[in-house]
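A short write-up of the structure that comes next.
Number of protein chains: 2
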Amino acid sequence: MTSTVPQGIEDLAAGVRAGDRRALSRALSWIEDETHQGRALLDRLYSPSPTAHRVGITGPPGSGKSTLTCELTRAIRSHEGTVGVLAVDPTSPFTGGAILGDRIRMQALAQDPGVFIRSMATRGSLGGLATTTYGASEAMEAAGCDWILIETVGVGQSEMDVVEAVDTTIVVLVPESGDSVQAMKAGLLEAGDLFVINKFDREGGDRIEKEILLMIELERDRRASKNEWQPRIFRTIATRGEGIEALRGGIEEHRAFLWRDPESWSARQDLRVAQRLRTLLRDRILHALWASGRWDPWIAECGRRVREGAASPYALVDDLVARLMAGKGTEG
Amino acid sequence: MTSTVPQGIEDLAAGVRAGDRRALSRALSWIEDETHQGRALLDRLYSPSPTAHRVGITGPPGSGKSTLTCELTRAIRSHEGTVGVLAVDPTSPFTGGAILGDRIRMQALAQDPGVFIRSMATRGSLGGLATTTYGASEAMEAAGCDWILIETVGVGQSEMDVVEAVDTTIVVLVPESGDSVQAMKAGLLEAGDLFVINKFDREGGDRIEKEILLMIELERDRRASKNEWQPRIFRTIATRGEGIEALRGGIEEHRAFLWRDPESWSARQDLRVAQRLRTLLRDRILHALWASGRWDPWIAECGRRVREGAASPYALVDDLVARLMAGKGTEG
């Protein structure tokens, strides 16, 4: 690949590594567009030893994730380290017309040279969201971000893939999130390292806190026997900045837990790399096989046969896949 | 394929077609498990001419989709036709521990022989949700359901795939759904045939209604020039059954619009079949290439090389995919 790479990629990679904001911005566009150049750039920027701590902030729309992300960024900045923010939530104020309070918060942050904010579009049906998001976080890491906060709505498989690729996962709920606790049972509970009950001044906070506590308790012995992290719960009112510093401390604690011994850290990195290879390979195979439009004639022909009642889509697809697996083409 | 099909499939298909509830229930389990038997069954049940009208009910967690679905089912039943309900929302009370009001509603419905309720687990990372859900709706259709209501949380690509496969899409919002309107801009607005502002007795209903109206207005001329449906807005308080009958009427209107002339109906069916073939093929290719664990040795070996700093995951995956596309194996 090296010989075919345009000169521009090396320059851009150097710019990103030097922490140049315009270079990073351009790099993120390449990555988001999933171009060959973007991949070549990521190849240049890749480091096998992560230097950034990735925090996933997930929860239903309306739970205040963006406000929380802003406040958390501010809290981290008042200690030490630079922060990259990736918003992959289509409902996030980072992505579109934020309400006034959030916009003011974000503008204040955007003026801080130690903060880089980027929203990622969710797009396509090829499941590449996790791949592009993680790639974007690698570019931010190469640019020197010590902390990378990834805000994503915690529903949907691609979004769960994003959550699985971070170091610390924060699940944000609100007192009226009765439904959301159901959602957690379907996967988010296992994923959550820290739970935040935001807008805690509203009615119902105690009730939902008890529900989450109960779910954590049910898993406590199993986790303890495996020497796993015990999830913690935080109460916040993000719009007033309340509870944010405690949450920041919780992230530090979780990070220290992950680093507690070199062996478990190393095992974790092995898993991370394997998962990264797996996701990349799956996405690339799908792209190679799918994005080319090579099946269009087959679909047109089979569509006609289905509409005539000659065969069901199931039989036609099974037949084609069997022939493909046997190494034959799409011709009868 | 015909020769290898166990006798049981023909019996089960006959049972489903006769409207036997136990047969349908078993069929749905096969389909949900994505077994070969399930696909063979769907092949038997497939009809190129749809008889059921599929309604997607989508919206953020907490918007009251389940209550609305229950009430809508009741409203349809008080007119004519049988109803199948598919809940593919992990946060749906259909799926897990419903709150009391919903549970009472659902139990009343479950006793109606003209109603069949099923919740689908969202699972796997192979994006098969839309495929299994649509397959389940085909089984319900074969069993004689005239209406199929599919409840799904409207975030995430697999969920959008589900929405794209229905006839009428209802987007449910609540007065406090400021964030959700952002979500709509990212895709749901185009998908929504009918918008429901549920819990309209809460503060803010008028404001969100105006926002949606404005978005509809922006598209009105374009839609009119293409002779497309103009989305409509409904106010409901589902817990009290208010506004439900009007919404049911809106669905009837949209259905009549889709059927307005044989030509556009036929064109729509062609598109539907092509999309179905496309989704099935993509899922089956992914399964065939992916679910087998055939890449595990490659991932182990490459993981080692990445951790040693010898190559980035990007270069390794690009290299493998290039060799696969050239028809070579995984060996150097």
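Line order of the protein sequences matches chains A and B.
By the working numbering, the letter at position 65 of the first sequence is numbered 65, and the numbering carries on one by one without gaps.
Count along the second sequence from 1, add 332, and you get the number used in the working numbering.
No residue lacks a Cβ here, since even glycine has one placed at the ideal position from N, Cα and C.
Every value quoted in this text rests on a predicted model; they were computed, and no experiment measured them.
Query	Result
Starting from the C-beta of E32 (chain A), find all residues in its chain whose C-beta is less than 8 Å away, skip the five residues before and the five after it, and write them out in chain order.	G38, M120, A121, T132 and A136
Mind checking whether K397 (chain B) and E483 (chain B) have CB atoms under 8 Å apart?	yes
Is there at least one Cβ from chain A nearer than 8 Å to T336 (chain B)'s Cβ?	Bear in mind that a pLDDT of 46 at T336 (chain B), under 50, signals an unreliable position, so the number given afterwards is only what the model happens to contain. Answer no: the Cβ-Cβ gap between T336 (chain B) and chain A never drops below 8 Å.
I want to verify the contact list: residues of chain A whose CB lies under 8 Å from the CB of I631 (chain B), in sequence order.	A274, L277, R278 and L281
By the criterion of Cβ-Cβ separation under 7 Å, what are the contact partners of I727 (chain B) in chain A?	Outside the displayed range of chain B (333 to 664) lies residue 727 (chain B), so it cannot be described from this structure.
Considering Cα atoms alone, identify which of A:I197, A:G19 and A:R26 is closest to I9 (chain A).	A:R26
Output the residue ranges of the alpha helix (DSSP H) runs that lie fully inside the segment 239-311 of chain A and measure 4 residues or longer, sorted by chain position.	244-258, 262-290 and 296-307
Looking only at its own chain, which residues have a Cβ that is under 7 Å from the Cβ of V16 (chain A), when we skip the five neighbours before and after it?	A23, L24, A27, L45, A139, A142 and A143
If you measure from the beta carbon of W290 (chain A) to each beta carbon in chain B, is any gap under 8 Å?	yes
Between which two residues does the alpha helix (DSSP H) holding T133 (chain A) run?	L129 to A142
So what does T67 (chain A) bridge to, in DSSP terms?	Note: T67 (chain A) sits in no beta bridge, so no partner.
Suppose you measure from the CA of A75 (chain A) to the CA of L400 (chain B); what does that come to, to the nearest Å?	42 Å
Does the Cβ of P392 (chain B) have 16 or more other Cβ atoms within 10 Å, making it buried, or fewer, making it exposed?	buried
DSSP three-state label for G347 (chain B), please.	helix
Classify W229 (chain A) as helix, strand or coil using the three-state DSSP reduction.	coil
Cβ of V504 (chain B) within 8 Å of Cβ of S395 (chain B)?	yes
DSSP three-state call for V387 (chain B): helix, strand or coil?	strand
So with Cβ pairs under 8 Å, would you call R307 (chain A) a contact of chain B?	yes
L374 (chain B) and Y314 (chain A): beta carbons closer than 8 Å?	yes
At a Cβ threshold of 8 Å, is C634 (chain B) touching chain A?	yes
Specify the secondary structure class of R450 (chain B) as computed by DSSP and reduced to three states.	strand
If I'm right that L481 (chain B) touches V415 (chain B) with Cβ under 8 Å, what's the distance once you round it to whole angstroms?	6 Å
For a contact meaning CB atoms closer than 7 Å, what does R371 (chain B) contact in chain A?	Y314 and D318
Looking only at C-alpha atoms, which of B:F532, B:E496, B:L526 and B:D525 sits nearest to V506 (chain B)?	B:F532
Under 8 Å between beta-carbons, which chain B residues line up against V321 (chain A)? List them in chain order, please.	L613, R616, I617 and A620
Can you have a look at H385 (chain B) and say buried or exposed, based on whether 16 or more other CB atoms are within 10 angstroms of its CB?	buried
Does M333 (chain B) have its Cβ less than 8 Å from a Cβ in chain A?	With a pLDDT of only 37 at M333 (chain B), under the threshold of 50, the placement of this residue in the model should not be trusted, and no figure is reported.
For the putative contact between I617 (chain B) and V321 (chain A), defined by C-beta atoms under 8 Å, what is the C-beta separation to the nearest angstrom?	6 Å
For a contact meaning CB atoms closer than 8 Å, what does W627 (chain B) contact in chain A?	R278 and L281
For M325 (chain A), would you say it is in contact with chain B, using Cβ-to-Cβ distances shorter than 8 Å as the test?	yes
Could you list the residues in the segment 363-388 of chain B with a C-beta less than 7 Å from some C-beta on chain A, going in chain order?	R371, L374, D375, Y378 and P380
Would DSSP call A315 (chain A) helix, strand or coil?	helix
Out of B:T367, B:P382, B:E366 and B:G635, which has the shortest C-alpha to C-alpha gap to S598 (chain B)?	B:P382
Would P629 (chain B) be called buried (16 or more neighbouring beta carbons within 10 Å of its own) or exposed?	exposed
Ordered along the chain, which non-local residues of its own chain (more than five positions away) have a Cβ less than 6 Å from that of A238 (chain A)?	G64, T67, L68, E71 and N198
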